[in-house]
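As structure tokens, the structure follows; a few thoughts come after it.
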Amino acid sequence: MKKFLIFILLAASFALFAPLALAGSGDNLSGYAWSETIGWIHFNGANYGVNVDNAGNISGYAWAETIGWISFNENSGCPDVPCKPKPKLNKSNGEVSGWARAYRAVATEGQTLGGWDGWISLRGTNYGVSVSGCGWSGWAWGSDVIGWIHFGGSGYGVTGSGDACMGGANQPPVADAKISVCPVGTGICVGGPSDSVTVRRGEATKVKLYADESSDPDKWTLANGVSNGGKCEWNADLEQTSPTFEQTIESPSSSGSCNIDLGIRTFNDLPGTYTYQVLKITDNKGAVSNIDTVTVNVVVGDGFSCNSSNQCVFGGGGASCNITNNCVGTPGDTCTSNCGGGGDGGGGGGGGGGGGGGGGGCESPSICPSTTSPTADQISSDTGFFCPSHQVQLTWQYSDPNDNPYKDTADHLYITPADVLSLGTKYYFRVAVKDSTGEWSNWSSVANFTTPANCAPAPDFSLSKTNDISVNVTGIGSGSSNTTQIIINPSGEFSNPVTLSYELITPNIPGIVPSFAPATPVLAPYSSRPVFKVIVPGSTAPGNYTINIKGKSGIVEKFVDVLLHVNSTSPIFREI
0 MKKFLIFILL
10 AASFALFAPL
20 ALAGSGDNLS
30 GYAWSETIGW
40 IHFNGANYGV
50 NVDNAGNISG
60 YAWAETIGWI
70 SFNENSGCPD
80 VPCKPKPKLN
90 KSNGEVSGWA
100 RAYRAVATEG
110 QTLGGWDGWI
120 SLRGTNYGVS
130 VSGCGWSGWA
140 WGSDVIGWIH
150 FGGSGYGVTG
160 SGDACMGGAN
170 QPPVADAKIS
180 VCPVGTGICV
190 GGPSDSVTVR
200 RGEATKVKLY
210 ADESSDPDKW
220 TLANGVSNGG
230 KCEWNADLEQ
240 TSPTFEQTIE
250 SPSSSGSCNI
260 DLGIRTFNDL
270 PGTYTYQVLK
280 ITDNKGAVSN
290 IDTVTVNVVV
300 GDGFSCNSSN
310 QCVFGGGGAS
320 CNITNNCVGT
330 PGDTCTSNCG
340 GGGDGGGGGG
350 GGGGGGGGGG
360 GCESPSICPS
370 TTSPTADQIS
380 SDTGFFCPSH
390 QVQLTWQYSD
400 PNDNPYKDTA
410 DHLYITPADV
420 LSLGTKYYFR
430 VAVKDSTGEW
440 SNWSSVANFT
450 TPANCAPAPD
460 FSLSKTNDIS
470 VNVTGIGSGS
480 SNTTQIIINP
490 SGEFSNPVTL
500 SYELITPNIP
510 GIVPSFAPAT
520 PVLAPYSSRP
530 VFKVIVPGST
540 APGNYTINIK
550 GKSGIVEKFV
560 DVLLHVNSTS
570 PIFREI
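What follows is the structure, encoded as structure tokens:
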């Protein structure tokens, strides 16, 4: 009877005290411990948690539904002589010692509720909590109210990371660099940040470097993390002969805070693939990451350039080959002032040999390039994927006598922007293309397409339940739960068979036996609702468990959770 009264008083006292300022996702302990009398103790939640610092000091709060907050911040008053209440992980042997205390067991004036002082011993003469790797195990003692607390068992346990582990207290950061490029004047940035980009030789390009996907195994913002005295370092000049790291961001608050803008760069390298070592990261303890790289592919641009035989050819980015009045561009004429030095010819565009130096004639005159206009034809449309994004794919064929068309996209394909076209509407379109000399084709013939009249919902389904379930256990034999019905909710003309299955239960119950009646699959119109129940061992710990049920039809999978509440009752004996 005494324990019953204690729990009532504790439950009533929860509303009397506001919780202390608690920690959050930055704490490095997680998972559950188990007490036979008070149930699950959770070591990390959205706004609370328990943390171990680099010296092994333990602080923070855990939570149990039956007794509330459990504090690891006590500094005095423990029932030990001499009193050493501060909980601590011994980094040399993995032993945890000290005391925790049930915060709500003690009133504000220091008096105990129900004759219990709330102290929980983490180590005694013949018991204690220990850490191996990142796994916490062993037993703590919480007197008659809490009893034994088990830090690790079948299917559950308390787990550490970073300083809450043995032998893994300070791991180096992981550098992950990305790059993006935008040619100056085009307003076009191809793709987002990536490991590899392509640039045109000699073309002015805006360059940015990113560290968003970099990480610190010890948590970026914790004591040993990068944000507390660490740094990100960049090889900002992209020098690879003897890479140096000229630009440093000290104590960045996040990996994204390390991103930098290199401004406008021009890659004058010969065409090819170049790998640049660009990023390294150091944490607060001096651990240095890998040096990560990005790749730049340098290609020859569109336009004209001079080849090794002083011939005017396509490719290279130049605006012209400095043709004089004696060579006006008529096919078949000779270029008397082509690709040479000296003289008064005009300068070409940037990069790759570009427009040449102009001037005084060529030792090996060449034929002037043709400027015949390109053509675009055979245009077509595809409305097959119009729903749900209201987009249409347009394609065309092109030809260019100069063999180097400059067209809207690299694969003569265009997809209209999302949610611009209307339903049930006829649209007309035509195409023109431009080659590298600036010559436009004529407009193609006009084509048309009609968008669908409506977009019906895609066939799909969802799962729901009629109720949660519960079961009584006595410590012996087994217990059978009440039942719940699993409902299949079709949408968008869905009519395929659905197979139901039991996926998992959290926390795990060894020996659980789930069943559906009747057996699945369930056929349309799904008026038959399978009945679900479980049988659990009589020794199952009381508490709430989450059962995950899956419905599968082809490659489509849907899920629903059923809450199982396990109650402990006394066995009933009858004389026979």
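Numbering-wise (numbering that gives the first Met the number 0), the sequence shown opens with residue 0 and increments by one.
Note that the Cβ used here is the ideal one computed from N, Cα and C, for glycine as well.
Nearest to Ala61 by alpha-carbon distance, out of Ser153, Gly55, Ala54 and Ser70, is Ser70. Around the beta carbon of Trp233, 16 or more other beta carbons sit within 10 angstroms, so the residue counts as buried. Annotation: Ser379 to Gln390 spans about 14 Å, alpha carbon to alpha carbon.
Check the Cα spacing between Thr568 and each of Gly476, Ala523, Ile145 and Pro509: the tightest is with Gly476. Apart from the 5 residues on each side of it in sequence, Ser463 sits with its Cβ closer than 7 Å to the Cβ of Ile486, Asn488 and Val559 in its chain, given in chain order. Per DSSP, Asp162 lies in no alpha helix (DSSP H) and is assigned neither H nor E. Here the stretch 196 to 210 lies against the stretch 251 to 268, with 3 or more beta-carbon pairs under 8 Å apart. Here Ala431 is near Ser443, since their CB atoms are less than 8 Å apart. Per DSSP, reduced to three states, the secondary structure at Ile280 is strand. Between the alpha carbons of Ser129 and Asn223 lies a distance of about 23 Å.
Short of 6 Å from the beta carbon of Tyr273, and not among the five residues preceding or following it, lie these beta carbons of its own chain, in chain order: Val295. Restricting attention to Asn267, Tyr427 and Ala99, the CA atom closest to the CA of Phe42 is found in Ala99. Between Thr281 and Val287, the alpha-carbon positions lie close to 4 Å from each other. CA-CA distance, Ser213 to Glu502, rounds to 34 Å.
Under the three-pair Cβ rule at 8 Å, the stretch 532 to 551 counts as touching the stretch 491 to 507.
In the three-state DSSP reduction, Asp381 falls in the strand class (E or B). Closest by C-alpha distance to Asn283, out of Ser75, Gly93 and Asn227, is Asn227.
When rounded, the separation of the alpha-carbon atoms in Asn543 and Val565 is 6 Å. In this structure, DSSP gives Ser256 a helical state, which the three-state scheme calls helix. Partner residues in the beta bridge of Ala32, as assigned by DSSP, are Ile40.
A residue is called buried when at least 16 other Cβ atoms come within 10 angstroms of its Cβ; Pro78 does not meet this threshold and is exposed. Taken through DSSP and simplified to helix, strand or coil, Asp291 comes out as strand. Listed as beta-bridge partners of Trp68 by DSSP are Trp62. Between Thr292 and Arg200, the alpha-carbon positions lie close to 20 Å from each other. Under the three-pair Cβ rule at 8 Å, the stretch 152 to 168 counts as touching the stretch 27 to 35.
Val144 carries a helical assignment under DSSP once its states are collapsed to helix, strand and coil.
Residue burial is scored here from C-beta neighbours: Pro192 has at least 16 other C-beta atoms within 10 angstroms and is therefore classed as buried.
Annotation for Ile145: Ser34, Thr36, Ile37, Ile66, Ala101 and Ile119 place their beta carbon closer than 8 Å to its own, counting only its chain and skipping 5 residues before and after. Taking the CA atoms as reference points, Glu245 sits about 25 Å from Val183. Counting along the chain, no beta strand (DSSP E) covers Val80, and no H or E run does either. Following the DSSP letters along the chain, one finds Lys205 inside the beta strand (DSSP E) bounded by residues Ala203 to Tyr209.
In this structure, DSSP gives Tyr413 an extended state, which the three-state scheme calls strand. Scanning its chain for C-beta atoms nearer than 6 Å, with the 5 sequence neighbours on each side dropped, one finds around Ser388 the residues Ala417, in chain order. Non-local beta-carbon contacts of Pro242 in its own chain, meaning distances under 7 Å to residues more than five positions away in sequence, involve Asn234 and Gln276 in chain order.
Within the same chain, Cβ atoms closer than 6 Å to the Cβ of Thr449 are found at Lys425, the five residues on either side in sequence being excluded.
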